[in-house]
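Q:
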Amino acid sequence: MDRIFIEELVVFAQIGVYDWEQQIKQKLVFDLEMAWDCQKAAETDDVQYCLNYAEVSQFILDYVQAKPFLLIERVAYEVADQLQQRFGISWLRLKLSKPKAVAQASNVGIIVERGEWK
Numbered sequence: 032m033d034r035i036f037i038e039e040l041v042v043f044a045q046i047g048v049y050d051w052e053q054q055i056k057q058k059l060v061f062d063l064e065m066a067w068d069c070q071k072a073a074e075t076d077d078v079q080y081c082l083n084y085a086e087v088s089q090f091i092l093d094y095v096q097a098k099p100f101l102l103i104e105r106v107a108y109e110v111a112d113q114l115q116q117r118f119g120i121s122w123l124r125l126k127l128s129k130p131k132a133v134a135q136a137s138n139v140g141i142i143v144e145r146g147e148w149k
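In the working numbering, the protein residues as written are 32 to 149.
1. Bridge partners of ALA66, per DSSP?
2. Looking only at its chain, what residues have a beta carbon closer than 7 Å to the beta carbon of ILE91, apart from the 5 residues adjacent to it on each side?
3. Can GLY140 and GLN115 be called in contact, C-beta distance under 9 Å?
4. Are at least three pairs of beta-carbons, each pair with one atom in the region 122-141 and one in the region 54-70, less than 8 Å apart?
5. Considering only C-alpha positions, which residue in the set TYR84, SER137, ARG117 and VAL143 is nearest to PHE36?
6. Exposed or buried, what is VAL48 when buried is set at 16 or more other beta-carbons lying within 10 Å of its beta-carbon?
7. How far does the alpha helix (DSSP H) with SER128 in it extend, from its first residue to its last?
8. GLU104 lies in the alpha helix (DSSP H); which residues open and close that run?
9. Thinking C-alpha only, which one of ARG34, ASP112 and LYS56 is nearest ALA132?
10. Could you give the residue range of the beta strand (DSSP E) that holds ILE141?
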């Protein structure tokens, strides 16, 4: 099994538990690894057999910007579940960062892993 990755996908979203956070857009950063069998795509040079990372990226942007969230945990769980359902991804690792959410840290976040590596 192969891995498709997307690194440092930036989304500005309405997220946070404080009232003031719900009035602004804050930066979230996604890093993903997704299991995908790339053999047929490599053999045929045909995009229909790929996991289209442009479509995956656009889905994440649209989904996260469509509604407000309180917690990054919810964002990570929902996005991971939606990606598996919509794109047929058997395994994924999603790292979601909220830079500068804690003044003394450059970054905070969550890493979720879903499915089985086949």
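Built from N, CA and C at the ideal position, the CB exists for glycine as well.
A: The structure says:
1. ARG34
2. LEU40, VAL42, PHE61 and VAL110
3. no
4. Yes: at least three Cβ pairs fall under 8 Å.
5. With distances taken between Cα atoms, PHE36 lies closest to TYR84.
6. exposed
7. Looking at the DSSP string, SER128 is not in any alpha helix (DSSP H); the run it does join, the beta strand (DSSP E), is 122-128.
8. 103-118
9. LYS56
10. 140-146
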